[in-house]
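>
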């Protein structure tokens, strides 16, 4: 998450009624040339942490599987050393009591450098991976799910057919992460940031579900419309192309 990615952009704040905990979202952090650390970015996260007097560490939630995030970072750093042009696309090998801040997300283009937070650069943060796969992996289970419910449902084999799709395994991972975000916030801890690869899929799922848990307003028809607008459409989610 390099500071120059946020130039000419601004933070969006939802909810102003008390509470020190914040939930922030973005896409995966970028790796500087040669793995160089960005002091401005490190200080930026420190300022977020220091703003919440109840905590000593930030909670950073990476929705991706650990192995994928590590591989993404290592492959991209290796590509720099070898001078190769490697796509950075991830490969699969306000509540009323909370301030909800959304960082402008960015779509990673081929040749960009991605990775994850951690190490000496963020000693005052705890990094968690939630092992949620991206749309390239979940597309096949979704297709299998559609096949068993349309045009007809075989009642006698429903449970076994559903299990064979592995769809519920992916749903379980998303819901588990979505519950952990408000759990952290309800304890006064700042979750900053929540991200995946490009920040369009899993990130929006997790933060939106967290808002549904934290604030009953978003469980109304009007509130749900607001949630979809600010959490998905405003960030350029291409619903029609998925």
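In UniProt numbering, the protein residues as written are 1 to 242. Note that CB positions come from ideal geometry on N, CA and C, so glycine has one too.
#1: Near residue 227, which residues of its chain fall below 8 Å by C-beta distance, leaving aside the five closest residues on each side in sequence?
#2: Determine, using beta-carbon pairs with one atom in the stretch 39-48 and one in the stretch 163-182, whether at least three such pairs fall under 8 Å.
#3: So what does DSSP say about residue 45, is it helix, strand or coil?
#4: What are the uninterrupted segments assigned as beta strand (DSSP E) that are 3 or more residues long and contained completely in the stretch 167-233, given in chain order?
#5: Quick check: residue 132 and residue 63, are their CB atoms within less than 8 Å of each other?
#6: Using 8 Å as the threshold, is the C-beta distance between residue 55 and residue 194 below it?
#7: DSSP three-state call for residue 140: helix, strand or coil?
#8: Could you tell me which of 204, 37, 164 sits nearest to residue 140, measuring between CA atoms?
#9: Measure the alpha-carbon distance for residue 190 versus residue 225 and round it to whole angstroms.
#10: Compare the C-alpha of residue 66 against each of 201, 134, 39, 53 and name the closest.
#11: Are the beta-carbon atoms of residue 167 and residue 142 separated by less than 8 Å?
#12: Out of 221, 236, 128, state which residue places its alpha-carbon closest to the alpha-carbon of residue 180.
#13: Of all the options 201, 187, 171, which has the alpha carbon lying nearest to the alpha carbon of residue 27?
#14: Just tell me which of 206, 220, 51 has its CA closest to the CA of residue 171.
A quick look at the data gives this:
#1: Leaving aside the five residues that flank residue 227 on each side, the residues in its chain whose CB is nearer than 8 Å to its CB run, in chain order, 208, 211, 212, 218.
#2: Contact fails: fewer than three Cβ-Cβ distances are below 8 Å.
#3: If DSSP states are grouped into helix, strand and coil, residue 45 belongs with the helices.
#4: For the stretch 167-233, whole beta strand (DSSP E) runs of length 3 or above, ordered along the chain, are 191-195.
#5: For residue 132 and residue 63, yes; Cβs fall inside 8 Å.
#6: No, the Cβ-Cβ distance between residue 55 and residue 194 is not below 8 Å.
#7: In the structure shown, the three-state DSSP call for residue 140 is helix.
#8: Scanning 204, 37, 164 for the CA closest to the CA of residue 140 turns up 164.
#9: Distance between the alpha carbons of residue 190 and residue 225: 26 Å.
#10: Nearest in C-alpha terms to residue 66, of all of 201, 134, 39, 53, is 134.
#11: The beta carbons of residue 167 and residue 142 sit closer together than 8 Å.
#12: Selected option, being the one with the closest Cα: 128.
#13: The shortest C-alpha separation from residue 27 is found at 201.
#14: Out of 206, 220, 51, 206 has the C-alpha closest to the C-alpha of residue 171.
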